[in-house]
Amino acid sequence: MNRAQKRRIGEYLIEKWFLFLATISIIVLALIVAFLFKEGIPIFKSVSVGDFLFGQLWYPTDEPADFGILPLIVGSLIVTAVSSMIAVPLGVLSAIYISEIARPSVKEILKPVVELLAALPSVVIGFFGMVVMAPFLQKVFDIPTGLNIVNASIMLAMMAVPTISSLTEDALHAVRRELREASLALGATQWETISRVVVPASLSGACTAVILGMSRAIGETMVVLMVAGGAAAIPESIFDSVRPMPASIAAEMGEAPFRSDHYYALFATGIVLFFMTLGFNLIADYISHKYKQVGTATL
Amino acid sequence: MSNKMKMATKNMTFHYGAFKALDDITLEFRENQVTALIGPSGCGKSTFLRSLNRMNDIIPAARVEGQVLLDGEDVYGPNVDVVEIRKRVGMVFQKPNPFPKTIFNDVAYGLRIKGIKNRGELQARVEASLKAAAIWDEVKDRLNESALSLSGGQQQRLCIARALAIEPEVVLMDEPASALDPIATQKIEELIRELKKSYTIIIVTHNMQQAARISNITAFFYMGRLIEVDKTETIFTKPSLKQTEDYITGRFG
Ligand SMILES: Nc1ncnc2c1ncn2[C@@H]1O[C@H](COP(=O)(O)OP(=O)(O)OP(=O)(O)O)[C@@H](O)[C@H]1O
Ligand SMILES: [Mg+2]
């Protein structure tokens, strides 16, 4: 066997090995999804899809039980929305500051600090929300409980900011130096260059960052379990307690009898959550393709 | 040389940190003339060009000594607004660098920065600059397409149009044709000959024939020093220094 043949066989084996690994992870993923559906679908024998999704009462242990997850969906959506209102400006602006404005020495400190925030375990953030933020909110706004939408949103924002910031920063960083120079050479100020050239050119990356940050917030369990308050009712103000879907699943799964209606309903809630995060990721994917700027100068 | 002096450097020395990239350069540029800067790679031509419109300001360790004069006023003076300088001294880069915007918005960018909002005026000036850069006929039906969809030569002429749109007084060009085919190059050369009627042009080129064809004055740089500067004819027919002659005849690179 000569060298060329050996190399060809080697390459063939490597290629197949990678294919094998890729297939395994796809199969595992498919099995998880299949399992989710198998354990969740049976609830629809007792409740219709419409009543499940839009029912306003979630009393899974009552006799007869109510399995309406609208309060949970609203809970998830509202903490995600409020937390993005906090996290998106913070994340994007801090990325702009770190990547475009900060002096190298400041940048060297700031960047790791923001990334460190991402390394905080969610239970620690939740603990902080319970012990520090909750009493603070309760006192300042004079409300019955500090475990509510505002608290959960602030804590979720703390988790989403590092994701949004570091991904946005990558996107800004990827904008070619030539474009900045072109803008400056036309008499634009640094700020005009950032706002009219650098940010638009990194829009697809920044949007993806924002959506991935939000999808992290909507799926986050521990924080909302600890600080959202847990009330399964549609909130009337941002100081009300809510029970987002992941919190409900985590809190109730242990006490739901195996293959009871409650058990099935929790899995079905998982399916809804799965479609929501899937939706977020598809949107992120779509945006990053739509706004992708093709090619540099083709010569 | 009867034309009015537009720009000049006086004993200009330039450092990148501890590295001296330009040493004591004194050079004048006159109105409505094309000055070509030639010299081997790494001799400091781009550095020189970029210090004329203060593009080197964005390089953290860069340092300029001596004077750079625009209409007799020091560009690096304490009360000078760098943004104003860059509006008066336009620049075309070696690699075409259009913004990822539409052709129209690309050219209108500098105008909008200048504060022009009126749609009619924008349209008129975009059209005029695209015509001046000899690319109007090729793009007039696709002004709303991405500037990145143009060919390299078209992109470079678009960049020239963009630089001209804000009506600078001096145009700096850093090897504007180095990446282009002979036809696009020829178009750009014609364009430069045309532009000279209204602008002061300083152009870096590695192409000796090109320098001979388009410039009035040629300056030869070597290792951060200005070796010789004279009328282009003189430089190319009877240079006074052996070093210059060796370079233009290709005996060293
Ligand atoms: N940003 C920088 N930091 C440090 N040194 C630099 C920087 N830019 C250029 N130099 C150095 O300065 C010297 C002159 O560079 P410059 O780009 O001006 O050369 P040039 O004459 O334009 O060359 P070329 O014909 O290859 O474009 C070179 O030795 C280069 O390594
Ligand atoms: Mg150069």
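Residue numbers (this note's numbering), protein chains in the order written: chain A, 1 to 299; chain B, 1001 to 1253.
The C-beta atom is built at its ideal place from N, Cα and C for all residues, glycine as well.
Own chain partners of residue i with C-beta closer than 8 Å, once the 5 adjacent residues on each side are dropped
i       : result
A/A304  : No answer is possible for residue 304 of chain A: the residues shown for chain A start at 1 and end at 299.
B/L1180 : G1152, G1153, Q1156, I1188
B/S1129 : V1107, A1161, R1162, L1164, A1165
Coarse secondary structure for residue i, derived from DSSP in three states
i       : result
B/Q1123 : helix
B/E1005 : Looking at the sequence shown, residue 1005 of chain B is not Glu but Met. Residue state, collapsed to three classes: strand.
B/D1174 : strand
B/T1047 : helix
A/F18   : helix
B/E1189 : helix
A/Y97   : helix
A/R3    : helix
B/E1194 : helix
B/S1146 : strand
B/D1230 : strand
B/K1114 : coil
B/Y1247 : helix
B/A1219 : strand
B/Q1094 : coil
A/G295  : For A/G295, the pLDDT reaches just 41, beneath the cut-off of 50, and the residue's location in the model is therefore unreliable, although a value from the coordinates is still provided. If DSSP states are grouped into helix, strand and coil, A/G295 belongs with coil.
B/Q1067 : strand
A/D261  : helix
Interface flag, residue i vs chain D, CB-CB below 8 Å
i       : result
B/P1100 : Structure shown: chain D not included; protein chains present are A and B.
Nearest-angstrom Cα separation, counted from residue j out to residue i
i       : j       : result
B/R1162 : A/G187  : 12 Å
B/K1020 : B/T1013 : 8 Å
A/I43   : A/P162  : 38 Å
B/K986  : B/I1217 : One cannot answer for residue 986 of chain B here, as it falls past the ends of chain B, which runs 1001 to 1253.
B/V1068 : B/M1007 : 7 Å
B/Q1033 : B/I1201 : 6 Å
A/G126  : A/F275  : 25 Å
A/R243  : A/G146  : 14 Å
B/L1191 : A/I194  : 32 Å
A/T298  : B/L1226 : Only weak support exists for where A/T298 lies, its pLDDT of 33 falling under 50; the value from the coordinates is given anyway. Whole-angstrom Cα-Cα distance: 34 Å.
A/V199  : A/H289  : 17 Å
B/I1092 : B/S1149 : According to the sequence displayed, residue 1092 of chain B carries Val and not Ile. So the alpha carbons of these two residues sit roughly 19 Å apart.
A/F280  : B/L1143 : 35 Å
A/L70   : B/I1160 : 59 Å
A/W58   : A/T23   : 40 Å
Cβ-heavy atom distance, residue i to ligand 2, below 7 Å
i       : result
B/S1046 : yes
A/Q5    : no
B/Q1156 : no
B/V1204 : yes
B/Q1094 : yes
B/D1230 : no
B/D1174 : yes
With 16 other Cβ atoms within 10 Å as the buried cut-off, status of residue i
i       : result
A/V294  : Note that A/V294 scores a pLDDT of 46, beneath 50, so its modelled location is shaky; the value from the coordinates is reported in the next line. Result: exposed.
B/Q1123 : exposed
A/W191  : exposed
A/V140  : exposed
A/V33   : exposed
Same chain, Cβ closer than 7 Å to residue i, neighbours up to 5 away in sequence not counted
i      : result
A/I271 : L36, F37, G40
A/I86  : S153, I154, A157
A/S46  : D261
Residue i CB to nearest heavy atom of ligand 1 below 7 Å
i       : result
B/C1159 : no
B/Y1247 : no
B/A1257 : With chain B running from 1001 to 1253 in the structure shown, residue 1257 of chain B is simply not present.
B/S1041 : yes
B/I1259 : For residue 1259 of chain B there is no data in the structure shown, the boundaries of chain B being 1001 and 1253.
B/Y1016 : yes
Same chain only: Cβ atoms within 6 Å of residue i, ignoring 5 sequence neighbours per side
i       : result
B/R1063 : H1015
B/T1234 : none
A/F136  : none
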